[in-house]
């Protein structure tokens, strides 16, 4: 699995959640996780979470730390389990970086009932993908929100944090694959 | 998904990791998680983790809080991702019950480099299964270990803890299934 | 699995056979079956059955009892077996309601060589879907046809019939899932 | 898909529900359905339906018309849907042969609350399999039962009936495969 | 599996790599391989191989012997293994027809470092597909190339060669399916 | 994917075709190919190819170059396609080493109607596996046979040949995986 933190500022508008985005843009071929900073604005017409569409909840954040993951299989449920595990990894890493207690509820992270993250997983014609964004700033987010800045981190911390999470997720996926290859079957 | 904490004391010797164990013993039909207390002794000849067999690491604990999970599909890698997520859920729940910081490394939980848990996932002819055991007592465990008792819990806390974890895992699985059914595909 | 008979009159033009139709329109999340009445007109350009397109056989009926089913897996062959089973369920239910003998041939129902139904199953990017329509009236159907009215039912019977079929299909799917979870493997 | 009615009398004791039975005994390679007559006695220790084992319901019939089906894939749920469809096919065929009304409930056939059939589907290491048996005689069956003889058929009718059902099931499977290969995907 | 060599001259521009092409154009329903002659020009905007797009390598050949294959499953990796096997079959067949030694490297065939072929495999919403083209003429191919004419074949040889390859691929696929149905499982 | 040529002489008696053989014996975790020399004797009772059992064709060779492959997925048909591709790789490599023309027919290699190889693929509870053996000596093989010695190779060439084939197969599998991750879907 390939990993990359890119210092390029990219506005996340939903089009990044498309097959082979990491290959087209960074030449990363195969399963991958890419992290970057940038604003986030996804209009209703571009949203893939139809529960949010039904609730009329567009997504907006002035600056986020983003993760785009692609797995080249077609089992969306499996990728949603991976997404939840990613959120657990992010939570543990953030607690280590900041000392602040967070709470994971499904694919969301909270600090005292304020939302830190957005996340979605879906299918492309050739793969499954995950987007997760962590608010860096919480200004103008359309729901009660907290940002990494509120937890004591600065924008300068984002690259280190992004790279650490990419590294942990990549290692976990590789470790899971190896764990699958060490057990005999039972009756 | 069915869940059950049973107050019956059961010695875990590896044979519980067999297809339809929850249906045969408790009438729970379908995906399930069952929790119980009891000693744990798995001899090398019964172990399914061949890495442990190669390392000559038998498993022993005088009293554990056990979880036996069965998912009726045949994707072992997917069930290993679920297993990691289970460990994250257990970690969060324990921290909430005890206030003590724990660390997850793959499918293991640690408190200050002392091992709290054992866990394995494997295939049966008709399903995939997970066993996780948490030391209640750490005496005579063959590796540096910690038990729930060392974290301030008593045996009387085990039923509540076991039931809480069963409940959270069941809800997470159900929520994951629903999350799979709310997104449109992308390009 | 969710079920719903809606008294809303909906014209079936093929666009209902699209992913998450039941969620978008009725908030039904997860596998579902929805039934309703309405005319049916699918132009060649909208048809998914390319055998019908090759035969230049558009679909038209002045009033039908419709069923839209969505299963959130990607095995089209499996959903076609489900579709055949649905047709068998409809046949048995109709015989019980009307006392009239019907014949199932693949995914079609006939009364004395007159066609009662249309049906198709296909893949969306995130699921598999089935549409089945039963003629209520047989006027102007472009093939020799029979309608529920010809079998002695009235439009007032449609809601009860639709709800009964939704109920039976839902129960059969649930029962199949449970049957999968009660057998040990053999050699 | 291969089909065969064999006039050989075979006692069904559960061992016929094993991988490659049709290939080992009749040289039928690939998906197959084989029909034969013979007594049926499956002891609890040989039963694969653990619900029956829990209910202490052994299977016995003095003479049955049997069907053994093997599909070389590993999706048990899919084969259970096929099994239900097989029961619908058998019901329709029997009604055509006898004029007597039958009722299908899941994988069971009834005539006026008397059980006509037994059926089970399970996994082998390389395939999925179905066994269905129809009572020819109803004497000494351990539940309220009816046999083909009670419906007006004789043992001499069994070969024709068995062959007809094998033919219809084989054609339905082939037709399902082709139906999978004529539709375009939708959104 | 259906096979067909058609004497119709068809320009390959990428649109032939679309679901149900063989069914729409030739009525071939189910897995199929179709061969034909014609020029080949795929513009960058139509290419499915994003590695070629990244390398700015459009595809052009004045006359090719083409093969379009469709398998109605959704496992792209499996179809890429099939594609490699097809290239091995083509290589062996060409050596038999021409006596000239060729070299296979992945999905490419070479004669002394000159490229004889182009090939790609991808997913449609309902199937997986392969396109392979063999240069008949090597003029104006945008990379160092060789054509069947350079190996001593004429355009008149193309139908026999195309039909032979279709026949061998079809038989190999059928033989592979049967090989899957003759082995017992092991521990 | 891991690869290994071991200079250890191992008698192939069929038990090597068992899950995790490479991990248990060489610590190779994950998909792997292992090559070694040794005699080959598989009694009928140990054979997994039931077509050979039906034909009463035991397997014997005084010295063979063996390959044991394990892929940790459960799609036997896919692994049989891989097996055919392996045989094509072996054929090409042998022709390069010896200059002698060979012929592949399914999973067998021949030199002038004399059989050079045996091969089988099957399922374990956790994986799929391939065994291929190439006769080094052709003495006492129970069918008309040829050995590598007859093609001008010596036992001293076996390690180089075995390692080369392991290397090519490993690279092909890795290349196939990457090819799966560079294409967009089509309609």
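Protein chains in written order, with the working numbering: chain A, 1 to 187; chain B, 1 to 187; chain C, 1 to 187; chain D, 1 to 187; chain E, 1 to 187; chain F, 1 to 187.
Just so it is clear, CB atoms sit at the ideal spot from N, CA and C, and this is done for glycine as well.
Do you know how far the Cα of residue j is from the Cα of residue i?
i                      : j                      : result
residue 187 of chain E : residue 147 of chain D : 41 Å
residue 159 of chain A : residue 144 of chain A : 25 Å
residue 29 of chain C  : residue 22 of chain C  : 7 Å
residue 81 of chain F  : residue 173 of chain E : 8 Å
residue 65 of chain F  : residue 15 of chain E  : 46 Å
residue 271 of chain B : residue 84 of chain A  : With chain B represented from 1 up to 187, any question about residue 271 of chain B goes unanswered, as that position is not in the structure.
residue 10 of chain F  : residue 185 of chain A : 25 Å
residue 67 of chain E  : residue 107 of chain E : 13 Å
residue 43 of chain B  : residue 60 of chain B  : 9 Å
residue 3 of chain E   : residue 70 of chain E  : 11 Å
residue 103 of chain B : residue 89 of chain B  : 12 Å
residue 41 of chain D  : residue 26 of chain D  : 22 Å
residue 110 of chain B : residue 150 of chain B : 12 Å
residue 157 of chain E : residue 157 of chain F : 40 Å
Tell me where the beta strand (DSSP E) around residue i begins and ends.
i                      : result
residue 129 of chain B : 128-135
residue 64 of chain E  : 59-71
residue 183 of chain F : Careful: residue 183 of chain F lies outside any beta strand (DSSP E) and carries neither H nor E.
residue 108 of chain C : 108-111
residue 7 of chain C   : 2-9
Show which residues of chain C have a CB atom less than 7 Å away from the CB atom of residue i.
i                      : result
residue 176 of chain D : 77, 80, 81, 84
What residue range is occupied by the uninterrupted alpha helix (DSSP H) comprising residue i?
i                      : result
residue 144 of chain F : First-last for residue 144 of chain F: undefined, no H or E at that position.
residue 79 of chain D  : 76-98
residue 174 of chain F : 158-179
residue 17 of chain E  : Per DSSP, residue 17 of chain E belongs to no alpha helix (DSSP H) and is neither H nor E.
residue 22 of chain C  : 21-26
Identify the contact partners of residue i in chain C, using a Cβ-Cβ distance below 8 Å as the criterion.
i                      : result
residue 125 of chain A : 125
residue 185 of chain B : 19, 124, 125, 126
residue 9 of chain D   : Here the premise fails: no neighbours, minimum Cβ distance about 23 Å.
Name the chain D residues whose beta carbon is nearer than 9 Å to that of residue i?
i                      : result
residue 193 of chain C : A question about residue 193 of chain C goes unanswered here, because the residues of chain C that appear run from 1 up to 187.
Which one or two residues does DSSP pair with residue i in a beta bridge?
i                      : result
residue 41 of chain D  : D/60
residue 12 of chain C  : C/40
residue 121 of chain F : F/130
residue 103 of chain F : F/110
residue 34 of chain B  : B/4, B/68
residue 55 of chain C  : None; residue 55 of chain C has no bridge partner.
residue 49 of chain C  : D/183
How would you list, in chain order, the residues of chain A whose beta-carbon sits under 7 Å from the beta-carbon of residue i?
i                      : result
residue 24 of chain C  : 50
residue 182 of chain F : 23, 29
Against residue i, what residues of chain A qualify as contacts under a CB-to-CB distance less than 8 Å, listed in chain order?
i                     : result
residue 74 of chain C : 74
Residue i versus chain E: which residues are under 8 Å apart at the beta carbon?
i                     : result
residue 20 of chain A : 50
Show which residues of chain F have a CB atom less than 9 Å away from the CB atom of residue i.
i                      : result
residue 109 of chain E : The premise fails here: residue 109 of chain E is roughly 12 Å from chain F at the closest Cβ pair, so nothing lies under 9 Å.
At 7 Å on the CB atoms, spell out the chain B contacts of residue i, in chain order.
i                      : result
residue 151 of chain A : Within chain B, no residue comes near residue 151 of chain A; the closest Cβ sits about 17 Å away, beyond 7 Å.
Note down, in chain order, every chain D residue with its Cβ under 7 Å from the Cβ of residue i.
i                      : result
residue 14 of chain E  : Result: empty, since nearest Cβ-Cβ is about 18 Å, beyond 7 Å.
residue 139 of chain C : Near residue 139 of chain C there are no residues of chain D at all, since even the closest Cβ is about 28 Å away, more than 7 Å.
Cβ closer than 7 Å: which chain F residues qualify as neighbours of residue i?
i                      : result
residue 106 of chain A : Within 7 Å Cβ-Cβ: nothing; residue 106 of chain A doesn't reach chain F, min ~29 Å.
Legend entry - Sufficient close CB pairs (3 or more, under 8 Å) joining the region 21-36 of chain A to the region 50-57 of chain A: no
Legend entry - At least 3 beta-carbon pairs within less than 8 Å: the region 59-79 of chain D vs the region 168-185 of chain C: yes
Legend entry - Stretch pair the region 89-98 of chain A + the region 160-167 of chain A: three plus CB contacts closer than 8 Å: yes
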